[in-house]
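Data block below; observations after.
Numbering (the numbering used here), first residue to last: 798 to 1097.
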């Protein structure tokens, strides 16, 4: 058998992100690590051209047509994409990650519990704002389950305190719009003294806007994920903390799980089809150790 024929025999497993963001680099590193351990498979990582449900659906349909054996996806908008995900799931093995689509034909979800992650941000807020505060939240895709569940998780914990989320501003994963949303808040809502970054790039955009406005350190900032700007802000004390996910593990464990399922072993899928990878709180006391660990994972 020639090498090219051998390569053609390999089953293809693909991780499909929900949009271009540095957040996904750790997941890519996890997929790369899984590739070393799955030589009989061809593992790929794909980004949709832009963060839109229709574009993501077209990408998945193309992958199915090309014969992909398994697809792991962070759905842009699980509600509107259920039919499309069902179409994919009826032709190939489908896992969801990051933002689940529980009503679809996905075999399992592997990722964070966004509600529990939101609870952790709520606890950070309670510690930072013992006398209460008015928070504005910023997010890419407010309709996505991960966004709604994170915000709900925060609200559950701050219920009964004097902390309130006055509004949620969306940016459709457009970073310049994300920054503009913060600038607009500073002008239109001067009583807001707390800002929440719900997606990975939101805290960095909050940071940049506050820095330019000379308001860094005057507004309580917290939220999710481990962008270098976020970690730098925690280190200097301008961001109170962040709740981090483990996308490296999603990529690594997700690919290994798909290979196992395709080989006939479904024992790793729990009855509720949810494989939860824990989230962690990073604050000033743990940020250096976490940043060092992250560099190691990403092979830097």
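Using N, Cα and C, we set each Cβ at its ideal position, and we do this for glycine too.
How would you call residue i, buried or exposed, if buried means at least 16 neighbouring beta carbons within 10 angstroms?
| i | result |
| --- | --- |
| residue 1072 | buried |
| residue 978 | buried |
| residue 1022 | buried |
| residue 802 | Unreliable placement is indicated for residue 802, whose pLDDT of 41 sits below 50; the coordinate value is still reported in the next sentence. Under this definition residue 802 is an exposed residue. |
| residue 806 | exposed |
| residue 1061 | exposed |
| residue 1001 | buried |
| residue 1076 | buried |
| residue 878 | buried |
| residue 973 | exposed |
| residue 896 | buried |
| residue 985 | exposed |
| residue 799 | The predicted model places residue 799 with a pLDDT of 36, which falls under 50 and marks its position as unreliable; any figure quoted below should be read in that light. Residue 799 is exposed by the Cβ-count criterion. |
| residue 941 | buried |
| residue 1082 | exposed |
| residue 808 | buried |
| residue 976 | buried |
| residue 846 | exposed |
| residue 1090 | exposed |
| residue 837 | exposed |
| residue 981 | exposed |
| residue 968 | buried |
| residue 1009 | exposed |
| residue 880 | exposed |
| residue 927 | exposed |
| residue 1024 | buried |
| residue 1044 | buried |
| residue 824 | buried |
| residue 859 | exposed |
| residue 994 | buried |
| residue 1069 | exposed |
Who does residue i pair with in a DSSP beta bridge?
| i | result |
| --- | --- |
| residue 886 | Paired residues: none, contrary to the question. |
| residue 983 | Note: residue 983 sits in no beta bridge, so no partner. |
| residue 992 | 933, 1018 |
| residue 893 | 870, 906 |
| residue 820 | Answer is none; residue 820 lacks a bridge partner. |
| residue 900 | None, per the DSSP bridge assignment. |
| residue 1073 | 908 |
| residue 813 | 843, 870 |
| residue 1078 | 1040 |
| residue 838 | 808 |
Could you tell me how far apart the beta carbons of residue i and residue j are, in whole angstroms, since I believe they sit closer than 8 Å?
| i | j | result |
| --- | --- | --- |
| residue 828 | residue 868 | No, residue 828 and residue 868 are not in contact; Cβ-Cβ is about 13 Å, not under 8 Å. |
| residue 872 | residue 893 | 6 Å |
| residue 1004 | residue 937 | In fact, because the Cβ distance is near 16 Å, the residues do not count as touching under 8 Å. |
| residue 843 | residue 856 | 6 Å |
| residue 904 | residue 1052 | Not a contact, Cβ separation roughly 14 Å. |
| residue 934 | residue 954 | Rounded, the Cβ-Cβ distance is 14 Å, inconsistent with contact. |
| residue 1038 | residue 989 | Not really, about 19 Å apart at Cβ, beyond 8 Å. |
| residue 992 | residue 1016 | 6 Å |
| residue 886 | residue 902 | 3 Å |
| residue 951 | residue 930 | About 12 Å separates the two Cβ atoms, so there is no contact after all. |
| residue 862 | residue 815 | Not quite, the Cβ-Cβ distance comes to about 21 Å (not below 8 Å), so this is no contact. |
| residue 1094 | residue 826 | 6 Å |
What I want to know is whether the C-beta of residue i ends up closer than 7 Å to one or more non-hydrogen atoms of the ligand NAP.
| i | result |
| --- | --- |
| residue 826 | The ligand content of the structure shown is nil, which means the ligand NAP is not present either. |
Beta strand (DSSP E) runs contained entirely in the stretch 914-981, provided each spans 3 or more residues: 930-936, 960-967
4 or more residues per run - each alpha helix (DSSP H) lying fully within the stretch 1003-1062: 1025-1033, 1044-1059
Three-pair Cβ contact test at 8 Å for the stretch 906-926 versus the stretch 944-957: yes
At least 3 beta-carbon pairs within less than 8 Å: the stretch 1048-1062 vs the stretch 1025-1032: no
Alpha helix (DSSP H) runs wholly inside the stretch 844-869, at least 4 long, in chain order: 850-862
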